[in-house]
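These notes concern the structure reproduced below.
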Amino acid sequence: MAEKNIPYDLIEVDLKNKPDDLLKQNPYGKVPVLLDGDGVLYESAVINEYLDEKFPQVQLMPADLLQRARVRIWIDFLNTRVHPAASDITHNRAPEKARERMRKHLQALDSEMAGKDYLVENYSLADVTFIPFYTRRERYGVVIDDTYPNLKRWGEALIARPQVAPTI
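Under our numbering, the first residue of the sequence shown carries the number 103, and numbering increases by one thereafter.
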């Protein structure tokens, strides 16, 4: 199903029964995969930066190089710390250690968000990267409540954005 403003088709994939064409296009066998002409892109962070550069009318990376680097640091934090801890919790791999790691990661995010609306100055790909985790937090057995007031406020504001809410 394609949305009016997105010149791409969105195709749902059963990750427990991955189609052969997905595995041919993406050696990692993961989603998302973006086909653009003859190009095949995979990995969310790479796709996000590609789309940001391809559609410059909506800037999601700051112009300032240091701010851009900070966005990439937070994307890395989410992808290499938060998501692996969530996966370990979900798949019951050393779940107590994973829950402790997750607690520390959530506390770091909560502290970072104190008095701020966004991770890095303005709404950016760092914030976008957090949205899938936040919307799936219950699946991961993660509770973001008043223990993490800044994180809760930020997450709720992100999913309430007019560009995000209809996609959930």
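Each residue gets a CB set at the ideal place from its N, CA and C atoms; glycine is no exception. Given the structure is predicted, the values throughout are model-derived calculations rather than measurements.
Counting C-beta pairs with one atom in each stretch, the segment 154-162 and the segment 200-208 have fewer than three that are closer than 8 Å, which means they do not touch. In this structure the segment 210-226 does not touch the segment 139-148; the number of beta carbon pairs closer than 8 Å is below three. For LEU227, the enclosing alpha helix (DSSP H) starts and ends at 227-237.
Non-local beta-carbon contacts of VAL266 in its own chain, meaning distances under 7 Å to residues more than five positions away in sequence, involve ILE233, LEU260 in chain order. Its chain contains VAL135, VAL142 as the residues whose beta carbon lies nearer than 6 Å to that of GLN127, once the 5 sequence neighbours on both sides are disregarded; these appear in chain order. For the options GLY139, VAL133, ARG170, LEU117, the alpha carbon positioned closest to that of GLU151 is the one of ARG170. Beta-bridge partners of TYR144 (DSSP): VAL135. Burial check for GLY257: the Cβ neighbour count within 10 Å reaches 16 or more, so the residue is buried. Under the 8 Å Cβ criterion, the segment 222-229 does not count as touching the segment 182-198, having fewer than three qualifying pairs. The C-alpha of LYS218 lies about 10 Å from the C-alpha of ASN224. The alpha helix (DSSP H) runs lying completely inside the segment 147-182 and spanning 4 residues or more are 167-179, given in chain order. CA-CA distance, ASN181 to PRO121, rounds to 25 Å. Cβ atoms of VAL184 and VAL222 stay farther apart than 8 Å, at about 16 Å.
Within 10 angstroms of the beta-carbon of LEU162 lie 16 or more other beta-carbons, which makes it buried.
Relative to the Cα of ASN252, the nearest Cα in the group THR237, ALA187, TYR220 belongs to TYR220. Excluding its 5 nearest sequence neighbours in each direction, ARG239 has C-beta neighbours in its own chain below 7 Å: ILE246, listed in chain order. Sequence-distant Cβ neighbours of ILE191 in its own chain, meaning closer than 8 Å and more than five residues away, are PRO197, ALA200, ARG201, MET204, TYR242, GLY243, VAL244.
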